[in-house]
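2 protein chains.
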Amino acid sequence: MARFTESQDAQVLQDLAAQLTQGRLVSSAASMAGHSRDFADWAESGAPVAVVIVAHAHEVQAVVQVCVAHGRPVVARGAGTGLAGAANAEDGWVVIAFEEMNRIVEVNSLERYAVVQPGVINDDLRRAAAGKGLWYPPDPVSSAWSTIGGNVATNAGGLCCVKYGVTGDYVLELEVVTGTGDLVRVGRRTAKGVAGYDLASLLVGSEGTLGIITEVTLRLRPSPKPARAIVGFFPSVESAGEAVRAVAEAGITPSTFELMDRHVIAAVEAMTPIGVDQGVAALLLAKIDDAGVEGDETALAVATYFGESGATWADQSSDPAEAEALFAARRLSHTALERLGTVLSEDVCVPKSALPAMLVAVEVIAEKHDILIATVAHAGDGNLHPLLITPPGDQAARARAQVAFAELMTQAIALGGTITGEHGIGLLKRDGLLEELSDPVVSLHRQIKNALDPAGILNPGKVLGPDEVDSPA
Amino acid sequence: MARFTESQDAQVLQDLAAQLTQGRLVSSAASMAGHSRDFADWAESGAPVAVVIVAHAHEVQAVVQVCVAHGRPVVARGAGTGLAGAANAEDGWVVIAFEEMNRIVEVNSLERYAVVQPGVINDDLRRAAAGKGLWYPPDPVSSAWSTIGGNVATNAGGLCCVKYGVTGDYVLELEVVTGTGDLVRVGRRTAKGVAGYDLASLLVGSEGTLGIITEVTLRLRPSPKPARAIVGFFPSVESAGEAVRAVAEAGITPSTFELMDRHVIAAVEAMTPIGVDQGVAALLLAKIDDAGVEGDETALAVATYFGESGATWADQSSDPAEAEALFAARRLSHTALERLGTVLSEDVCVPKSALPAMLVAVEVIAEKHDILIATVAHAGDGNLHPLLITPPGDQAARARAQVAFAELMTQAIALGGTITGEHGIGLLKRDGLLEELSDPVVSLHRQIKNALDPAGILNPGKVLGPDEVDSPA
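In the order they appear, the protein sequences are chains A and B. Residue 926 is where the first sequence starts when you use our numbering, and the numbers rise one by one after that. Residue 926 is where the second sequence starts when you use our numbering, and the numbers rise one by one after that.
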């Protein structure tokens, strides 16, 4: 992306100021820096020309129109908890910050949907829904901070996806500012509807490259039922992977099914003792929320499959507080591991049958490149987060980790999987995307991008990389 | 669409013949006529230049490439059970018929998916899945004839959508021939995945205008549990609508929730006596498939809400055969009504809270235009099928029915609904689509259509209508 001249910057700032209420346009260095990048430590970012803290959809529209007029890139930002660099600004970009567009507009218990502004924090929506006996299932580990707008833009997953699906499965309708500066609604609020192309699904997960979301209508479910927790300690990651496969093969769908390997257990134990024996190579945590006797029997079956797969200990937790402590530990994994060094988060997803092979591949790749890789996984989905940890400032280790990162993606593709289950492409996985998708499919992506963002200003270079990469030689 | 000259037709036929095995290219008048249109009696169709009965994806690709080279429109055809004219050919078009690409490639019980060719009949897939203890839920009333390719191209619904979702909710991966003649795979087979734009969802429901599907990978579920049937007789359609609203408001999700009005009951009774009193104005049929005591209590609650909403009789059916006869009657509705005249199927979908108002509007519009309108509905979804019946050959009645058809769509939009819940746009609802979608959203559709079908050969004119309609004056 070309840099811009000072006079071009000044003109953009002047035009933005003319469109916006006093105070919306922020230019303090601290605020600019705080809004310029997400949690992906390894992704590049630059200095934006302006941050606009929007309060209304029409302000978003005005900002995009100014950006179209100036050919100036614009990036939308929720809480900045992304792990792929998708929310990062480059030099001279305009950042639209949604932190103050955080109103829950409606929770409709009859139609079972919620209408929210993009800056609403995931947990706040979940609480509001619970207040009406309803439930918004998608629960990324970032749910206490991440926003619905960001969740939709990345099609965020979480712990309960294994039974209840991902963010996109709950999106009914979106209000969006398009690449031509129109403010439109796509999707619907009725239970069904097939009037025209499914543009809402196209926008979900498009990381701000096809439109900027200004309102979201989300499907809700009735409140979940109380769940039983089943815990298993395994002597190897492979045996834990076999247990996941056995449970899937039996037709059981846990409502949550998580894995932590020994590095994660040790890191969490060092931060907040959870009392897990340090000889345990992997821990599986499952929940079963089916009602009644059938749920009890299913929980028992899960513990049995754990045992048959080689667990040294497996049982239904009789102490809810103890079980919750383990799930809290799972949610703390990333924070605990950040105490050990700089974390590069992987996010591959493989068929359930390939989970044991992928877990073994992680260990092999870690050893080969002499990198500490700690793995947490939404095991029931086959979605692994191998976390590559390097000492801060160790450039050699960082270089090795980047090679390992790429090898993990290649391995996932070879096993019939994908390079990203829920974190997205952003900046970090653009090469991986070109590896996973065939050339004609990449070309379809570019055609759609060019059709919907003719000025090329919507978070350009994210997902697909710079246009030049794919241009005919 | 411009007609083609005889010499142009001859050249297309010659190029197709050069690409295809003997016997694939069909030109008998009977076969041509039998493949030229779907079940939408009121939609126009023409005489195709050729029907190609394909056996392999590469043949589909070859046909599309010939069509691209000649600028010749091509339309894909499953069983032709569509109700909007989306599969209709015009003069000179090429029809790709999928009736012989009907192989179930794989049913994978561990990963819970099925891989099928587009010509597989819905019920055949359901049987194959059941053989492995699995379930493919989407069940359009046409399930005994309609194909998975057609179901995906129209994003077909059915009776169990109210709890289990529509076709699109089950599509994992598609193999598709694009508008540039490439054979590609979009989507994924893993439980989760966010690598790139959701092109699979974009193709679902696009009625063959963005690509031609050559293979489908569908998510499966564990087998459903036995269900209880609850039947209610109501003195008015409005009171039946109120019962649906009351059940929704109580947070209950039936696994099926259907409505038949008195015209439907009478027509079915005339064909196959089901023993429903002719004084009944509307019948509600619900199923509850929650397990155990909780399911029993929910079924009882549904019967209670029926009673409180004014049902003259409401009870859980104690006789499974009797309940099945009523559901069979529901499935026979369309056939029974066709004995009364030519049927024009509506397919509006409204918020559940608007169901009583929409049911009343149907009666008002029927009376206003002196048209027999019999209504069946996936009531739990707010998805109504008012069926407009006119005496064959009565042009005046037909003209009044077309006005009523348009008014029903306008009314659905006014109530916050959509013109089509599950049948699609095809030819019959192109005007309605322009009424429902805003101009900038129609423009997004055209940009996507032009980007993915640059030669304009994929079922042109369907969904969006001719390009001219939207061009700047």
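Where a beta carbon is used, it is the ideal one built from N, C-alpha and C, also for glycine. This structure is a prediction, so every number in the text was calculated from the model and none was measured.
For residue i, collect the residues of the same chain with a Cβ closer than 7 Å to its Cβ; drop the 5 residues on either side in sequence, then sort them by chain order.
i, result
"Phe-1252/A", "Leu-1210"
"Met-877/B", "Lying outside 926 to 1398, the shown extent of chain B, residue 877/B is not represented and no answer is given."
"Leu-1145/B", "Arg-1037, Tyr-1038, Ala-1039, Ala-1054, Leu-1059, Trp-1060, Tyr-1061"
"Gln-986/B", "Val-1102, Gly-1106, Leu-1108"
"Leu-1359/A", "Val-1367"
"Arg-928/B", "Asp-1016, Gly-1017"
Please list, in chain order, all residues of the same chain as residue i whose beta carbon is under 6 Å from its beta carbon, the five residues on each side excluded.
i, result
"Thr-1409/A", "The requested residue 1409/A does not occur in the structure, where chain A is confined to residues 926 to 1398."
"His-876/B", "What the structure shows of chain B is the stretch from 926 to 1398, and residue 876/B is not part of that stretch, so it cannot be assessed."
"Gly-1220/A", "Ile-1213"
"Phe-1023/B", "Gly-1003, Pro-1043, Gly-1044, Gly-1074"
"Arg-1325/B", "His-1294, Ile-1296"
"Met-1196/A", "Ala-1261"
"Ser-961/B", "Ser-970, Pro-973, Ala-1014"
"Glu-1031/B", "Val-1040"
"Gly-1346/B", "Asp-1272, Cys-1274, Asn-1308"
"Arg-1153/A", "Ile-1213, Ala-1224, Gln-1241"
"Gly-1357/A", "Met-1334, Ile-1344"
If residue i sits next to residue j, beta carbons under 8 Å apart, how far is it from one beta carbon to the other, in whole angstroms?
i, j, result
"Asp-1399/A", "Lys-1212/B", "Only positions 926 to 1398 of chain A appear in the structure, and residue 1399/A is not among them; the question remains open."
"Leu-1184/B", "Ala-1165/B", "6 Å"
"Ser-1034/B", "Lys-1057/B", "5 Å"
"Gly-1351/B", "Ala-1011/B", "4 Å"
"Ala-1299/A", "Leu-1312/A", "5 Å"
"Leu-1050/A", "Ile-1029/A", "6 Å"
"Val-1156/B", "Ser-1242/B", "6 Å"
"Phe-1182/B", "Ala-1236/B", "Actually they do not touch by this definition, with Cβ atoms about 14 Å apart."
"Arg-1114/B", "Gly-1341/A", "7 Å"
"Leu-1309/B", "Val-1289/B", "Not really, about 14 Å apart at Cβ, beyond 8 Å."
"Gln-944/B", "Val-991/B", "6 Å"
Going by other Cβ atoms of all chains shown within 10 Å of its Cβ, with 16 needed for buried, is residue i buried or exposed?
i, result
"Asp-1295/B", "exposed"
"Ser-898/B", "Beyond the ends of chain B as shown, which are 926 and 1398, falls residue 898/B; an answer cannot be given."
"Thr-1079/A", "buried"
"Asp-1244/B", "exposed"
"Pro-1379/A", "exposed"
"Ala-1168/A", "buried"
"Ala-968/B", "buried"
"Pro-1316/B", "exposed"
"Pro-998/A", "buried"
"Leu-1150/B", "Note that residue 1150/B is Lys in the sequence shown here, rather than Leu. Flag for Lys-1150/B reads exposed."
"Lys-1387/B", "buried"
"Asp-1319/A", "exposed"
"Val-937/A", "buried"
"Glu-1163/B", "buried"
"Thr-930/B", "exposed"
"Gly-1204/B", "exposed"
"Pro-1065/B", "buried"
"Ser-953/A", "exposed"
"Val-1091/B", "buried"
"His-920/B", "Any property of residue 920/B remains undetermined from this structure, which presents chain B solely from 926 to 1398."
Is residue i near the ligand FMN - that is, is its Cβ less than 6 Å away from at least one heavy atom of it?
i, result
"Leu-1225/A", "As far as ligands go, the structure on display features none, and thus does not contain the ligand FMN."
Once the 5 residues before and after residue i are set aside, which same chain residues still bring their CB inside 8 Å of it?
i, result
"Val-1096/B", "Val-1077, Gly-1112, Ala-1125, Ser-1126, Val-1129, Val-1141, Thr-1142, Leu-1143, Arg-1144"
Contact between the segment 956-974 of chain A and the segment 1356-1367 of chain A (3+ Cβ pairs under 8 Å):
no
At least 3 beta-carbon pairs within less than 8 Å: the segment 1123-1134 of chain A vs the segment 1263-1270 of chain A
no
Identify each residue in the segment 1120-1142 of chain B for which the Cβ-Cβ distance to at least one residue of chain D is less than 8 Å, and report them in chain order.
The displayed structure is made up of protein chains A and B, and chain D is not among them.
By the 8 Å beta-carbon criterion, what residues does the segment 1321-1345 of chain A contribute toward chain B?
Gly-1341, Gly-1342, Thr-1343, Ile-1344, Thr-1345
Between the segment 1165-1190 of chain A and chain B, which residues of the former have a C-beta closer than 8 Å to a C-beta of the latter?
Arg-1170, Ala-1173, Glu-1174, Gly-1176, Thr-1178
Contact set between the segment 1267-1290 of chain B and chain A, restricted to residues whose Cβ is under 7 Å from the partner
Cys-1274, Val-1275, Pro-1276, Lys-1277, Ser-1278
When you check each C-beta in the segment 1096-1115 of chain A against every C-beta of chain B, which residues fall closer than 9 Å?
Here the close residues are Thr-1103, Thr-1105, Asp-1107, Leu-1108, Val-1109, Arg-1110, Val-1111, Arg-1113, Arg-1114, Thr-1115.
For the segment 1212-1232 of chain B, enumerate the residues whose C-beta is nearer than 8 Å to any C-beta of chain A, in chain order.
Asp-1215, Ala-1216, Gly-1217, Val-1218, Glu-1219
Of all the residues that make up the segment 1056-1090 of chain A, which are near chain B by a beta-carbon distance shorter than 9 Å?
Gly-1058, Leu-1059, Thr-1079, Asn-1080, Ala-1081, Gly-1082, Cys-1086, Val-1087, Gly-1090
Listed from N- to C-terminal order along the chain, which residues in the segment 1357-1369 of chain A have their beta-carbon within a distance smaller than 7 Å of any beta-carbon of chain B?
Leu-1358, Glu-1361, Leu-1362, Ser-1363, Pro-1365, Val-1366, Leu-1369
Looking at chain A, which residues of the segment 937-967 of chain B have a Cβ within less than 7 Å of any of its Cβ atoms?
none
If the cut-off is 9 Å on Cβ atoms, which residues from the segment 1305-1316 of chain A count as contacting chain B, listed in chain order?
Gly-1305, Asp-1306, Gly-1307, Asn-1308
When Cβ atoms are compared, which residues of the segment 1376-1391 of chain A fall closer than 9 Å to chain B?
Ala-1376, Leu-1377, Pro-1379, Val-1388, Leu-1389
Cβ-based contacts, 9 Å cut-off: residues of the segment 1020-1036 of chain B near chain A
Asn-1033, Ser-1034, Leu-1035, Glu-1036
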